[in-house]
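Engineer:
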Amino acid sequence: MSLASKNLLACGLFLAVAQLAQPVTGLELTVSTSGGNKSSPILYGFMFEDINHSGDGGIHSQLLQNNGFQGANPGLTAYAPIGNVSLAVDTENPLSSAITRSLKVTVPPNASGKVGFSNSGYWGIPVNEANYTNSFYIKGDYNGDVTLRLAGASSGSLYASQTISVKSNSSSYTYVETQYPVKQAPDGNNIWELTFDASKVAGKSLNFDLIQLYPPTFHDRPNGLKPEIANVLVDMKGSFLRFPGGNNLEGLTPATRWKWNETIGPLTSRPGRQGNWGYPNTDALGLNEYFLWIQDMGLTAVLGVWDGLTIGGPSPQVITGDALKPYIDDVLNELEYILGDKDTTYGKLRASHGFPDPWPLQYVEIGNEDNLNGGGPSYAERFTAFHDAIKAKYPHLTIISSTDQYLPNPKPKGIWMDWHTYSPAGELVSMFNKFDNVDRAFPYFVGEYACISLDNGTELAQPIMQGSVAEAVFMIGMERNSDVVKMAAYAPLLQQYGGYTWNDHVPNLIMFNNNPNGIVRSTSYYVQQMFSVNRGSTILPVESDGSFGPVYYVASKTSDNKTYYVKFANYGPTPQPVTVNIPKTETGRLTTLSGAATAANTWSSPNAVTPKTSNVSSADGAPGKFTITLPAWSVAVLAVE
Ligand SMILES: *[C@@H]1O[C@H](CO)[C@@H](O)[C@H](O)[C@H]1NC(C)=O
Ligand SMILES: *[C@@H]1O[C@H](CO)[C@@H](O)[C@H](O)[C@H]1NC(C)=O
Ligand SMILES: *[C@@H]1O[C@H](CO)[C@@H](O)[C@H](O)[C@H]1NC(C)=O
Ligand SMILES: *[C@@H]1O[C@H](CO)[C@@H](O)[C@H](O)[C@H]1NC(C)=O
Ligand SMILES: *[C@@H]1O[C@H](CO)[C@@H](O)[C@H](O)[C@H]1NC(C)=O
Ligand SMILES: *[C@@H]1O[C@H](CO)[C@@H](O)[C@H](O)[C@H]1NC(C)=O
Ligand SMILES: *[C@@H]1O[C@H](CO)[C@@H](O)[C@H](O)[C@H]1NC(C)=O
Ligand SMILES: *[C@@H]1O[C@H](CO)[C@@H](O)[C@H](O)[C@H]1NC(C)=O
Ligand SMILES: *[C@@H]1O[C@H](CO)[C@@H](O)[C@H](O)[C@H]1NC(C)=O
Ligand SMILES: *[C@@H]1O[C@H](CO)[C@@H](O)[C@H](O)[C@H]1NC(C)=O
C-alpha cells in the first residue's frame with residue numbers, strides 16, 4: 073500500500089471513531105486546574121536561513137542586488153547601462169581583499185549628457201515615503217555632479233532625485249554617502265539610477281563598487297532589517313531564532329560553507345559566498361546582525377555551527393577524523409568571538425567591531441540534518457569531537473545534535489536533539505503522538521517542519537487551510553509534550569515573491585514582494601501566531617469523553633493561575649461542537665481560524681483567511697462551562713479567566 077492511501081485510510085478511521093464516540097452534543101472536556109507538566113518557555117520561534125531571498129532582498133534592508141559582485145559568477149545581474157556607455161565586471165580594481173570585483177563604466181569618446189547605470193534591485197525596489205540612505209565607492213578621475221534617482225521601471229515616474237558633487241581619482245576608491253527624501257510609489261516595480269556627466273569621462277571609464285541603498289531600518293540599526301518584514305515576526309511573538317541555517321550553513325564544499333569570520337566587521341571585509349540555494353549571499357546580514365536581530369526582538373539565540381558536512385557539491389561531502397581539527401578550532405574561535413570578554417583574542421575583535429559586551433548564547437547546534445546526504449555514518453564521531461571540545465571550554469552551553477539518529481551510544485548527558493519533518497497533511501496528523509513516549513532525558517528541538525503536500529501527492533505552492541490544521545494537530549502534540557519538546561519552528565520562514573518567474577513548489581510561512589504592504593501572512597502564519605501568543609507555563613491534564621480526532625486539543629495555564637488556554641484543531645470537513653469545563657473561570661475570548669480545506673491567503677486575496685476573535689462567557693448557572701463549535705477545518709484558542 074502506498075504511503076498516500078495509507079494516510080487517507082488512517083484519516084477516514086479517525087473520523088469514523090470520532091463519530092461513534094461522540095453524541096450530537098459533541099466532545100465534553102474537563103480541564104484540571106492543577107497537576108500537569110511545566111511547558112518550555114521558549115517553545116515557539118523562528119528558523120532562519122537565506123533561502124528564497126529571505127535574507128538578501130528579504131528581511132535585510134539593503135535594496136540593490138549584486139551590489140558587491142559577490143558569489144560564484146554574478147555577472148551584471150540587475151545592472152543596465154544608461155546612455156551610450158558599456159558596463160563590465162572588472163577584476164583589476166578590487167575595492168578590498170574581500171570585495172574583488174567592481175563595475176566598470178566605459179564612456180565613448182566625445183560623449184556628452186548624463187550617462188551611468190541602473191540597478192533593478194531584487195525584482196524591484198520598495199519605494200516608500202521616507203528618507204533613504206545611499207552610498208557607493210567610486211574610482212577614476214571625476215570632478216562633477218552625480219545624480220541618484222529612484223523611478224518607476226515602466227512608468228518612468230520619478231520618486232527621488234539627488235544631485236551631489238563628487239571628486240574622485242584613479243589611485244584609490246572614494247566613499248560617497250548621502251540621504252534623500254523619497255516619495256511614495258504605487259508599487260515595487262522601481263529601479264535605482266546613478267548618472268554622471270559624460271563629457272568629463274569621455275574616452276575613459278569609472279569604477280563603482282559596494283553600492284548600497286537603505287530605507288529606514290528596524291530599530292534604526294545601520295545595515296539593519298526591513299521593518300515591514302521584521303514587524304510581522306514581532307507580531308508572532310516567537311521566542312528564539314535558529315541561524316544561519318539550515319542547508320545554507322553547509323556549503324557546496326568546505327571552502328564555500330558559511331564562515332562566521334567572513335560575516336563580521338565592515339561590509340568591505342565581507343566577501344560573501346555562493347549560498348546553497350542557488351544565489352549569492354552578501355553576508356551583510358552577518359553574525360553580529362543576527363545577534364542584533366535577536367536583541368531587538370527579545371529572542372533566544374540558537375547558533376548552528378559547521379561540522380564537516382557539505383551538500384550538493386563534489387564528493388567527498390564529509391570531512392572526518394584529524395582533518396576536522398581546524399574546523400573545531402574555528403568553532404571555538406567563533407564561540408570566543410560571541411562569548412569571550414574583551415581581553416580574549418576574538419572578544420577583542422568583537423569589541424573592535426563595536427560590540428564590547430559578549431552576546432547571550434546558550435544553545436549551539438552541531439551541523440544541520442546530519443542524518444541526510446551521507447552525513448549519518450560519521451555523525452557520532454563528528455558530533456562527539458565538536459561536543460567535547462565545546463563543553464570543555466564552555467560547560468554551560470546546551471549542545472543540540474542535528475538529528476536524533478546516528479548519535480554516540482550512550483548519548484552525552486544534557487544534549488538536545490533536532491528533528492525535522494516536511495510531510496503530507498495526513499502524515500503530520502498521524503505524528504500527533506510522536507513525542508508521547510520519548511525518553512524525557514533527551515529533549516527535542518523540532519527545528520523545521522511544515523505540511524508541504526496533500527495525501528494524494530499534490531505539492532502545495534503555499535500553505536492551505538487543511539495543511540495548516542494538520543500543522544496545528546502536530547503542534548498540539550508537541551505542546552502536550554512540551555516538557556520534552558523544548559522548541560519548534562515552521563520552515564521556511566520567508567519568501568521573496570518577485571516570483572512570477574519561479575516555478576514555486578515549496579510553501580513558506582510569510583511571502584513578500586516590494587509593493588507597499590507587500591506581505592502575505594499564510595494560514596500557517598496565523599496558526600503559529602495563535603499558538604505563540606497564547607502560551608501557558610503549565611500543560612494541564614484534560615479529561616475527555618471521546619478520543620482524539622478529528623478534534624485535537626491541549627490545555628495550559630499561566631504561572632499566576634489566572635488565565636487558562638485550550639487550543640483546538642478540527643481536522644475534518646464537519647463542524648464539531650465541544651463543551652469545555654474549566655473550573656473557576658467565567659469569561660474570555662475565543663480566537664478561530666477556519667476556511668475551506670483548500671482556502672489560502674494569496675497575492676490576490678491576502679486576507680482570505682484571518683483569525684476572528686469573540687468574547688465568551690460560561691453558561692448561566694454553569695460557571696466554568698463553555699460551549700463552542702469548531703468550524704470545519706479550523707484551529708481555535710479559548711483563553712479564559
Ligand atoms: C498555582 O496553582 C498551583 C497548584 O496547581 C499552586 O501550587 C501555585 O502556588 C499557584 N500559584 C499561584 C501564583 O497562585
Ligand atoms: C507529563 O509528562 C508525563 C511524562 O513524563 C506524561 O506521562 C504525562 O501525561 C504528562 N502530563 C501532562 C498533563 O501532559
Ligand atoms: C524557494 O526555494 C526553493 C528551494 O530552492 C525552490 O524550490 C522554490 O522554487 C523557491 N521559490 C521561490 C518563489 O523562490
Ligand atoms: C556609442 O558609442 C560607440 C563607441 O563606444 C560609438 O561607436 C557609437 O556611435 C555611439 N552611439 C551613439 C548613439 O552615440
Ligand atoms: C571626437 O572629436 C574630435 C574633435 O574634438 C574629432 O577629431 C574626432 O573625430 C571625434 N571622434 C569621434 C569618434 O567622433
Ligand atoms: C526626512 O528628513 C527631513 C530632515 O531631517 C525631515 O524633515 C523629514 O520629515 C524626513 N522625511 C520623512 C518622510 O521622514
Ligand atoms: C584619491 O582619493 C582618495 C579617497 O578620497 C584620497 O584619500 C586620496 O588622497 C586621493 N588621491 C589623490 C592623488 O588625490
Ligand atoms: C576565516 O577563517 C578561516 C579558517 O576557518 C580561514 O581559512 C579564512 O581565511 C578566514 N577568513 C578571513 C577573511 O580571515
Ligand atoms: C489531490 O487532491 C486535491 C484536493 O482534493 C485535488 O484538488 C487534486 O486534484 C488531487 N490530485 C490528484 C493527482 O488526485
Ligand atoms: C470583549 O471584551 C473586552 C473586555 O474583556 C471588551 O473590551 C471588548 O469590547 C469586548 N468585545 C466585544 C465585541 O464585545
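Using the working numbering, the first residue of the sequence shown is number 73, and each one after it goes up by one.
A virtual CB, placed ideally from N, CA and C, is assigned to each residue, including glycine.
Mapping the DSSP letters down to three states, classify Gln346 as helix, strand or coil.
Structural biologist: If DSSP states are grouped into helix, strand and coil, Gln346 belongs with the strands.
Engineer: Which term fits Thr530, buried or exposed, when burial requires 16 or more other beta carbons within 10 angstroms of its beta carbon?
Structural biologist: The residue in question, Thr530, is exposed, as its Cβ has fewer than 16 Cβ neighbours within 10 Å.
Engineer: Can you give me the C-alpha to C-alpha distance between Thr328 and Gln137, rounded to a whole angstrom?
Structural biologist: Approximately 20 Å between the Cα atoms of the pair.
Engineer: Cβ atoms of Gly439 and Phe458: under 9 Å apart, would you say?
Structural biologist: Yes, the Cβ-Cβ distance between Phe458 and Gly439 is below 9 Å.
Engineer: Specify, as a first and last residue, the run of the alpha helix (DSSP H) that Tyr399 falls within.
Structural biologist: Note, Tyr399: alpha helix (DSSP H), 397-411.
Engineer: Using CA atoms only, rank isn't needed, just tell me which of Glu658, Val304, Gly117, Arg345 is closest to Gly323.
Structural biologist: Ranking Glu658, Val304, Gly117, Arg345 by Cα distance to Gly323 puts Arg345 first.
Engineer: Report the rounded CA-to-CA distance for Asn303 versus Val403, giving the unit in angstroms.
Structural biologist: Using only the alpha carbons, I get a separation of about 32 Å.
Engineer: Which whole-angstrom value describes the C-beta separation of Ile611 and Arg552, a residue pair presumed to lie in contact below a C-beta threshold of 8 Å?
Structural biologist: Indeed, because the Cβ distance is near 6 Å, the residues count as touching under 8 Å.
Engineer: Which residues does DSSP pair with Trp488 in a beta bridge?
Structural biologist: In the DSSP output, where bridge partners are listed per residue, Trp488 has Ile472.
Engineer: If I measure Cβ to Cβ from Ala144 and keep anything under 6 Å in the same chain, skipping five residues before and after, which residues do I get?
Structural biologist: Same-chain partners within the cutoff: Gln346.
Engineer: Taking only heavy atoms of ligand 6 into account, decide whether any of them is closer than 8 Å to the Cβ of Ala232.
Structural biologist: Ala232 Cβ: outside cutoff for every heavy atom of ligand 6.
Engineer: Please state whether DSSP places Gly224 in a helix, a strand or coil.
Structural biologist: Strand at Gly224.
Engineer: Taking its Cβ as the centre, do 16 or more other Cβ atoms sit within 10 Å of Arg512, making it buried, or is it exposed?
Structural biologist: Arg512 comes out exposed.
Engineer: Take Ala223 and list the residues in its own chain whose beta-carbon comes closer than 7 Å to its own, dropping the five residues that flank it on each side.
Structural biologist: If we look at Ala223 and ignore the five residues flanking it on each side, its Cβ neighbours are Ser229, Leu230, Tyr231, Asn262, Ile263, Glu265.
Engineer: Indicate, with yes or no, if ligand 1 has a heavy atom lying under 8 Å from the CB of Thr646.
Structural biologist: No, the Cβ of Thr646 stays beyond 8 Å of every heavy atom of ligand 1.
Engineer: Let me confirm a value: Gly549 is counted as buried when at least 16 other C-beta atoms fall within 10 Å, else exposed. Which label applies?
Structural biologist: By the neighbour-count rule (16 or more Cβ atoms within 10 Å), Gly549 is buried.
Engineer: Any heavy atom of ligand 10 inside 8 Å of the beta-carbon of Asn687?
Structural biologist: Yes, since a heavy atom of ligand 10 falls inside the 8 Å radius drawn around the Cβ of Asn687.
Engineer: The beta strand (DSSP E) with Gly519 in it runs from where to where?
Structural biologist: Start and end: 516-525.
Engineer: Run through DSSP, which three-state label would Trp332 get?
Structural biologist: Here Trp332 sits in helix by DSSP.
Engineer: State the start and end residues of the unbroken alpha helix (DSSP H) segment that holds Trp365.
Structural biologist: Here the alpha helix (DSSP H) through Trp365 covers 359-369.
Engineer: When burial is assigned at 16 or more other CB atoms within 10 Å of the CB, is Ser169 buried or exposed?
Structural biologist: Ser169 is exposed by the Cβ-count criterion.
Engineer: Below 8 Å, is the gap between the Cβ of Asn241 and the nearest heavy atom of ligand 7?
Structural biologist: Checking every heavy atom of ligand 7 against the Cβ of Asn241, one is found closer than 8 Å.
Engineer: Report the three-state DSSP secondary structure of Ile301 (helix, strand or coil).
Structural biologist: Reduced to three states, the DSSP call for Ile301 is helix.
Engineer: Just to confirm before moving on: does the CB-CB distance between Ser174 and Val161 stay below 9 Å?
Structural biologist: Taking 9 Å as the Cβ cut-off, Ser174 and Val161 qualify as a contacting pair.
Engineer: So which of Gly621, Thr670, Tyr562 has the shortest CA-CA distance to Leu305?
Structural biologist: Nearest C-alpha to Leu305: Tyr562.
Engineer: Quick one: grab the DSSP three-state call for Ser277.
Structural biologist: Looking at Ser277 - three-state DSSP - the assignment turns out to be strand.
Engineer: Suppose you measure from the CA of Asn505 to the CA of Ile336; what does that come to, to the nearest Å?
Structural biologist: Going by the C-alpha atoms only, they are around 43 Å apart.
Engineer: Quick one: Cα of Glu453 to Cα of Tyr399, how far?
Structural biologist: Answer to the nearest angstrom: the Cα atoms are 14 Å apart.
Engineer: Have a look at Thr493 and Glu334 and give me their C-alpha separation to the nearest angstrom.
Structural biologist: If you take the alpha carbons of Thr493 and Glu334, they lie about 31 Å apart.
Engineer: Please report how far the alpha carbon of Ala183 lies from the alpha carbon of Lys276, in whole angstroms.
Structural biologist: C-alpha separation (whole angstroms): 10 Å.
Engineer: Should Leu526 be listed as close to ligand 9, given that the test is whether its C-beta is under 8 Å from any heavy atom?
Structural biologist: Yes, ligand 9 has a heavy atom inside 8 Å of this Cβ.
Engineer: CA-CA distance, Thr246 and Thr674?
Structural biologist: Going by the C-alpha atoms only, they are around 45 Å apart.
Engineer: Between the beta-carbon of Val545 and the beta-carbon of Tyr624, is there less than 9 Å?
Structural biologist: Yes, they are a contact pair.
Engineer: Can you list, in chain order, the stretches of the beta strand (DSSP E) that have 3 or more residues and sit fully within the region 630-662?
Structural biologist: Those beta strand (DSSP E) runs which fall completely within the region 630-662 and span 3+ residues are 636-642, 648-653.
Engineer: Could you give the DSSP three-state label for Met503: helix, strand or coil?
Structural biologist: Three-state result, Met503: coil.
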